[in-house]
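Number of protein chains: 2
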Amino acid sequence: MSADNQQERLLDPWYVTGWFDGEGCFSVSVHPHPGSKYGWLIDPVVQTYQHKDSFIILNRIKKFFSCGSIRPKGENSNVLTFSVESRRSIKEKIIPHFIQYPLQSRKAEDFLLFRKIVEAMERKEHHDIDMFVHLVNLAFCMNPHGKNRKYRLNDVIKDLKESSETTRQTRRT
Amino acid sequence: MSADNQQERLLDPWYVTGWFDGEGCFSVSVHPHPGSKYGWLIDPVVQTYQHKDSFIILNRIKKFFSCGSIRPKGENSNVLTFSVESRRSIKEKIIPHFIQYPLQSRKAEDFLLFRKIVEAMERKEHHDIDMFVHLVNLAFCMNPHGKNRKYRLNDVIKDLKESSETTRQTRRT
Chain A
2 MSADNQQERL LDPWYVTGWF DGEGCFSVSV HPHPGSKYGW LIDPVVQTYQ
52 HKDSFIILNR IKKFFSCGSI RPKGENSNVL TFSVESRRSI KEKIIPHFIQ
102 YPLQSRKAED FLLFRKIVEA MERKEHHDID MFVHLVNLAF CMNPHGKNRK
152 YRLNDVIKDL KESSETTRQT RRT
Chain B
2 MSADNQQERL LDPWYVTGWF DGEGCFSVSV HPHPGSKYGW LIDPVVQTYQ
52 HKDSFIILNR IKKFFSCGSI RPKGENSNVL TFSVESRRSI KEKIIPHFIQ
102 YPLQSRKAED FLLFRKIVEA MERKEHHDID MFVHLVNLAF CMNPHGKNRK
152 YRLNDVIKDL KESSETTRQT RRT
């Protein structure tokens with residue numbers, strides 16, 4: 002098989018699971034968003050990084066899932082990120098794959114929480130403040146050895162409670 | 002399937018290739034070794050790292066290959082390394098796996114060089130100074146985006162030439 006054909010061939014599904022177990026990341030970002038109901042957003046995202054020389058393999062992963070995008074990690078960065086941010090793609094393409102070909106490392110625990118959060122959001126449970134707080138708590142349980150988060154859990158929860166109190170009071174008046 | 006059974010089951014071969022494509026490393030260390038023929042050693046090694054919480058997956062990779070060892074990366078380190086250093090294990094277990102289930106990323110180029118070096122050493126070609134220098138050159142072509150090497154290629158080659166000249170002169174006298 003020529004190198005070109007090799008690049009066209011769809012990756013083996015277990016290969017993709019092995020890749021993500023080693024090098025992928027399932028995370029849920031919690032960040033301020035002034036226009037939203039409680040002032041914060043919960044954003045599930047699936048990512049994997051590679052040096053820009055390895056664009057081809059990221060592109061094959063993108064083709065495998067038929068979703069996601071490939072972008073430089075930052076301005077002037079030599080690193081590319083393949084990421085899936087669309088909740089619909091995560092629900093329809095990412096989650097079913099990792100149910101059928103499950104992660105084998107400790108990352109499977111992150112995926113379980115990730116899936117729980119995405120599925121709750123699909124049921125619109127995050128429209129309720131108590132569930133929103135619960136999902137934020139779950140998000141903060143993920144990737145215990147990852148980079149430190151920008152916001153502290155206590156500060157987010159405190160802000161959410163104040164914000165929901167304001168919403169309640171506004172409704173009453 | 003219970004979690005225990007899951008851990009006992011042999012990993013899918015494509016999973017292992019995907020893992021190593023993302024998170025594995027094929028490298029050939031070149032380091033001084035005073036007692037050896039030319040004063041330097043060429044040491045092929047296959048490695049993958051994980052946080053110590055992920056001992057189980059490293060152990061399953063070890064079982065998959067039926068070789069290698071798992072050790073802390075350094076004293077007091079939270080990171081574990083699975084590594085295969087035995088040339089026999091590399092020849093009999095590692096190389097045949099990655100021939101049958103080939104790496105799909107740019108890392109396949111590193112593997113090609115790695116394999117070339119190991120196979121040349123199996124044929125004892127490194128006992129000849131010119132081939133030794135050639136293999137050192139190949140080793141330095143690997144992992145272009147990896148950590149910087151401790152020794153510079155030019156210094157190694159210069160030292161090897163001086164050392165082989167001394168050996169020749171000693172034989173003549």
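Taken in sequence, the protein lines are chains A and B. Read in order, the letters of the first sequence are residues 2 to 174 in this note's numbering. Read in order, the letters of the second sequence are residues 2 to 174 in this note's numbering. The beta carbon of each residue, even a glycine, is placed where N, CA and C say it ideally should be.
The beta carbon of residue 26 of chain A sits closer than 6 angstroms to those of 48, all from its chain and outside the five residues before and after it, given in chain order.
At the C-beta level, residue 77 of chain B and residue 52 of chain B stay beyond 8 angstroms of one another. Residue burial is scored here from C-beta neighbours: residue 22 of chain B has at least 16 other C-beta atoms within 10 angstroms and is therefore classed as buried. The contact set of residue 22 of chain B on chain A, defined by CB atoms closer than 9 angstroms, consists of 16, 19, 20, 23, 24, 58 in chain order. Taking 8 angstroms as the CB threshold, residue 101 of chain A stays off the interface with chain B.
Residue 75 of chain B sits exposed, since fewer than 16 C-beta atoms from the chains shown fall within 10 Å of its C-beta. Here the alpha carbon of residue 19 of chain B sits roughly 23 angstroms from the alpha carbon of residue 114 of chain A. For residue 26 of chain B, the enclosing beta strand (DSSP E) has its first and last residue at 25 to 33. At a beta-carbon threshold of 9 angstroms, the residues of chain A lying near residue 12 of chain B are 15, 19, 105, ordered along the chain. A straight line joining the alpha-carbon of residue 40 of chain A with that of residue 138 of chain A spans about 16 angstroms.
For residue 88 of chain B, the nearest beta carbon of chain A is not closer than 8 angstroms to its own beta carbon. Around residue 99 of chain B, the same chain offers 112 as residues with beta carbons nearer than 6 angstroms, after the five sequence neighbours per side are excluded. Annotation for residue 116 of chain A: 96 place their beta carbon closer than 6 angstroms to its own, counting only its chain and skipping 5 residues before and after.
Assignment of residue 48 of chain B by DSSP, reduced to helix, strand and coil, places it in the strand class.
In this model, residue 45 of chain B and residue 134 of chain B are separated by some 15 angstroms (Cα to Cα). Against chain A, the beta carbon of residue 55 of chain B has neighbours under 7 angstroms at 106, 107, listed in chain order. Only residues of its own chain outside the window of five on either side were considered, and among them 48, 50, 72, 74 have a CB closer than 6 angstroms to the CB of residue 82 of chain A, listed in chain order.
Between the C-alpha atoms of residue 163 of chain A and residue 153 of chain A there is a straight-line separation of about 16 angstroms. When C-alpha distances from residue 119 of chain A are compared across A/60, A/94, A/103, A/105, the shortest belongs to A/94.
Remark: C-beta atoms of residue 161 of chain B and residue 130 of chain B approach each other more closely than 8 angstroms. By the rule that beta-carbons nearer than 8 angstroms mark a contact, residue 128 of chain B does not touch chain A. Interface annotation, residue 61 of chain B: in contact with chain A, CB-CB separation under 8 angstroms.
The straight-line gap separating the alpha-carbon atoms of residue 11 of chain A and residue 10 of chain B is approximately 26 angstroms. Residue environment: residue 128 of chain A is assigned as exposed (fewer than 16 neighbouring CB atoms within 10 Å of its CB, all protein chains considered).
Of the candidates A/43, A/91, A/54, A/55, A/91 places its Cα closest to the Cα of residue 66 of chain A. The beta-carbon of residue 146 of chain A is placed less than 8 angstroms from the nearest beta-carbon of chain B.
For residue 64 of chain A, the closest of A/136, A/126, A/13, A/142 by C-alpha to C-alpha distance is A/13. Residues of chain B with a Cβ closer than 7 angstroms to the Cβ of residue 52 of chain A are, in chain order, 146.
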